[in-house]
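Throughout the sequence shown, residue numbering follows mature numbering (1 follows the signal peptide of the UniProt record, and there is no 0), covering -25 to -1, 1 to 535 in sequence.
Positions of the beta carbon are idealized from the N, C-alpha and C atoms, including for glycine.
This report concerns only the one structure given below.
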Amino acid sequence: MCTVLCRVVAVGAVLFVLTIERAAAQQPLAPLPPLAPQVSPQDDLKARVERLEQQNQALQDRLRSMSGASPAGIATGGGPGPDKLQDILKDPLASEEQAKREAERKEAEKRQQEIDGYVIGSQLGLTARWRPDSGVWLETPNQDFRMHFGFWMQWDTVSFTQSNSLKPTNQIGDLQDGTYFRRIRPFWEGTAYDTIEWNLILALEQVGAVGANSNALINLDEFWTGIYGVPLIGRVRVGHMKVPQGLEGNQMTSSRATTFQENAAYTDAFYRVFGTGVQIANTAFEKRMTWQAMGYRDDFARGNVGADFGDGQYAGTGRLTGLLIDNADGRELLHVGLSGTWRRAPRPEAAGVLGPNQVRLQARPELRDSFGGFGDNVNLPGNSVRMVDTGAINASSTTVLGSELAYIRGPFSTQAEWAMTYVNNAAVGTGPASSTRSFNGGYVAVSYFLTGETRNYDKEFGTFARNYVNPFTNFWWKKGTIGLGAWEVAVRYSYLNLNDGPVQGGILSGTTVGLNWYWNPNMKIQFEYLDDQRYHKGTANGGTAAGAVQGFGTRVQIQF
């Protein structure tokens, strides 16, 4: 029985296995995905090139079909191979790297040249360059030789009213309306050998003056030469130069850069414009401090021809300035300055006279009717009589102490000066035989540019620059459009006191209002109103009566 059962179970198992295998044979498994063929990078690049060639050929075929001819310049040959393509791809990178190396080489050569310097005069080819503020300059490539031929002219017109008390000839006389050339100044300036500098300015406005003592000579403005870049000293100049004192135009600053037509009365009375001698000047602390010192012959009456004779007539002046504020590329500045002068009193002007040494302090009205005379023996067109005058004071010397203050902030600027003058060992009237007489004066001025410009400042000498302003927009009136130029309004109050004890030269105060129109850096038109008041009756020259002078003036100036 067991044997039969075992056989039945075995036969059933065999039949079950055979059934499973047959079912599996009727439903075969899905095939595995084929492996991707292995392609080398070079073959892949070649395939891409071939595709690009095919696209290029298709484009050429299309161009030919559109134009009916093979376009000029279209290549019909095969494209570059893989090696050539790699070179092409590398070329831009190689060119960029080469350009970078070339720039670095040139920069290194430039730095080395700055260290080693260059041979002065090795390149002497002059080229012309236009500077908007001063005209045409001739320069060598290294700027070791530079020169400029320039010119400026000022044509003034004036008209006056005055108190009857001032019209007599023993006062100031009758001021006449008129017109004249205040300055005619051709000049030549430059540098040479990166060492020498010069400025030679002629004053021609008096040529042609008539009269028995006309002084119809070619006079001098600045007329000097010198060297610069001297260690510790800086600059050394010799000749006929501006005396380093004062901040107004026509003092340290050029007469081209005046806010008003004339300086304040105290400047006229106390300071000298020119002297013939030696001057040294330098800067410190990145040009935030300047100093100048000058020894010179002092002869006020003949000061514009550079000639002077007389024993002991020497003078010395020193000046120190600082910029306490220097912000925004010159848009905000605070300037302070001090100056001191000692002048030995000269003898009378007549040749061979051995009289006492004398000092005389005097000032014209702050608007002139002509350039007037420089001394008692010089007569020129116009009225040279002064508004206040101490008369001749017997004395040994004069000491002048001056102070300066100026602040610029954008279009706004203000400046002020004050000075004390001491006449040493003075002998006047019934006063002590040897006493010191003191006099004082100064001014304060405010200006504002309606068009937003800022006054220019010269850090090399601690004063306002000779190119007074650079208009944002020059003046023009063409094809229906107008350029405004630069417009400035300004006002100044001045004061001068020439009274001390027995010396009664008079007191003068003045108010000046100006409107200045700068067409461009080279041309301007000025309009000015003046009210000068002389008060406190003095005793010099037969007595000075109180009175007033009002004037209106215009100036047209062009300079290159």
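| Item | Value |
| --- | --- |
| Under the rule that 16 or more other beta-carbon atoms within 10 Å means buried, what is T234, buried or exposed? | buried |
| Count the C-beta pairs between the region 258 to 274 and the region 289 to 297 that are closer than 8 Å, then say yes if the count reaches three, no if not. | yes |
| Determine the direct distance from the alpha carbon of R86 to that of N302, and round the result to whole angstroms. | 30 Å |
| By Cβ distance below 6 Å, which residues in the same chain neighbour R231 in space, the five residues on each side in sequence not counted? | W127, R441, Q534 |
| Compare the Cα-Cα distances from L141 to each of R339, A83, S388 and report the closest residue. | R339 |
| Counting only runs of 3+ residues fully inside the region 58 to 146, write out the beta strand (DSSP E) ranges in chain order. | 102 to 106, 110 to 114, 121 to 137 |
| Assuming N257 contacts G209 under a Cβ cut-off of 8 Å, what Cβ separation, rounded to an integer in Å, is found between them? | 3 Å |
| Is Y241 helix, strand or coil by DSSP? | helix |
| Keeping to the same chain, check which residues put their C-beta closer than 6 Å to that of T529; ignore five residues upstream and five downstream. | T132, F502 |
| Following the continuous beta strand (DSSP E) through Y468, name the residue where it begins and the one where it ends. | 461 to 475 |
| Specify the secondary structure class of E164 as computed by DSSP and reduced to three states. | strand |
| Taking Cβ to Cβ, would you say Q220 is nearer than 8 Å to T519? | no |
| Near F527, what residues of its chain come up, given a Cβ to Cβ distance below 6 Å and the 5 sequence neighbours on each side ignored? | S134, Y504 |
| Could you give the first and the last residue of the continuous beta strand (DSSP E) run that contains R210? | 209 to 217 |
| Going by C-alpha distance, which of Y443, N472, A78, Q479 is nearest N225? | Y443 |
| Leaving aside the five residues before and after F120 along the sequence, list all residues of the same chain whose C-beta is less than 6 Å from its C-beta, in chain order. | A167 |
| Measure the CB-CB distance between W462 and T426 and report whether it falls below 8 Å. | yes |
| Between G458 and Y241, which are expected to be in contact by the criterion C-beta below 8 Å, what is the C-beta distance as a whole number of angstroms? | The pair is not a contact, with the Cβ atoms about 38 Å apart (cut-off 8 Å). |
| How far does the beta strand (DSSP E) with residue 536 in it reach, from first residue to last? | One cannot answer for residue 536 here, as it falls past the ends of the chain, which runs -25 to 535. |
| Per the DSSP calculation, F450 is bridged to which residue(s)? | L459 |
| For V531, which residues of its own chain have a beta-carbon under 7 Å away from its beta-carbon, when the five flanking residues on both sides are left out? | W130, I500 |
| Note down, in chain order, each residue of its chain lying with its Cβ closer than 6 Å to the Cβ of G437, except the 5 sequence neighbours on either side. | T265, T296 |
| Taking C-alpha atoms, which residue in Q73, N369, T228, F424 lies nearest to L490? | F424 |
| Consult DSSP for A303 and reduce its assignment to one of helix, strand or coil. | helix |
| Using alpha carbons as the reference points, say which of W451, D149, W173 lies closest to M122. | W173 |
| Just tell me which of E223, S345, E71 has its CA closest to the CA of F156. | S345 |
| Find out if the Cβ-Cβ distance for the pair Q181, L342 is shorter than 8 Å. | no |
| Output the boundary residues of the beta strand (DSSP E) element that contains L376. | 372 to 384 |
| Using 8 Å as the threshold, is the C-beta distance between R160 and L175 below it? | no |
| Name the one or two DSSP bridge partners that residue 542 has. | No statement about residue 542 is possible, as the shown extent of the chain runs from -25 to 535 and does not include it. |
| Looking at the ligand HEM, does it come within less than 7 Å of V421, judged from the CB to the closest heavy atom? | Inclusion of the ligand HEM in the displayed structure is not the case, the ligand content being empty and no account of it being possible. |
| Count the other CB atoms within 10 Å of the CB of N194; is the residue buried (16 or more) or exposed (fewer)? | buried |
| If contacts are defined as beta-carbon pairs under 8 Å, then F245 and T396 qualify, I think. What distance do you get, rounded to the angstrom? | 5 Å |
| Here's the rule: buried if 16 or more other CB atoms are within 10 angstroms of the residue's CB, otherwise exposed. What is Q447? | A quick correction: the sequence has Phe, not Gln, at residue 447. Its Cβ having fewer than 16 others within 10 Å, F447 is exposed. |
| Is N31 helix, strand or coil when you go by DSSP? | helix |
| For F260, is the classification buried or exposed, using 16 other Cβ atoms within 10 angstroms of its Cβ as the cut-off for buried? | exposed |
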